[in-house]
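Here's the structure, in structure tokens; my notes come after.
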Amino acid sequence: MAEAQAESERDDELDELSLRILDFERGWTGGAGAKEAAVRARFGLSATRYYQLLYALIDSPSALRRDPLLVRRLQRLRDVRSRARRVRAPSSPR
């Protein structure tokens with residue numbers, strides 16, 4: 001009983017949108033273009049805004065407690081993409 005109450009209290013730390021985003025990410029299997037359309041249809045958000053919210057969410061301790069495997073996977077993907085962008089970016093002249 002105490003375990004169920006503790007789980008409920010942890011869930012209360014995330015708002016409804018955050019929980020829906022985690023659920024969406026957990027179940028997503030399609031491609032990038034299709035995801036942008038699905039994000040707009042489901043959340044009414046642009047892809048840019050969605051990813052801003054997602055990246056802030058996966059840095060929150062509450063999300064990590066809620067679904068550690070998903071959050072760590074999303075953090076790894078974000079970090080890989082970020083490194084790839086830095087490698088591709090042209091260096092500025094000094």
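All residue numbers for the sequence shown refer to the working numbering, where the first residue is 1 and numbers rise by one. C-beta: ideal position from N, C-alpha, C; glycine also.
Assigned with DSSP and collapsed to three states, Asp79 falls in helix. Scanning its chain for C-beta atoms nearer than 7 Å, with the 5 sequence neighbours on each side dropped, one finds around Tyr50 the residues Val39 and Phe43, in chain order.
Every alpha helix (DSSP H) of 4 residues or more that sits fully in the segment 13-63 is shown, in chain order, as 16-27, 32-43 and 47-58. A distance below 8 Å between beta-carbons, with the five flanking residues on each side excluded, links Leu54 to the following residues of its chain, in chain order: Ile21, Glu25 and Leu74. Counting of Cβ neighbours within 10 angstroms places Ala63 among the buried residues, the total reaching 16 or more.
Here DSSP, grouped into helix, strand and coil, assigns Pro90 to coil.
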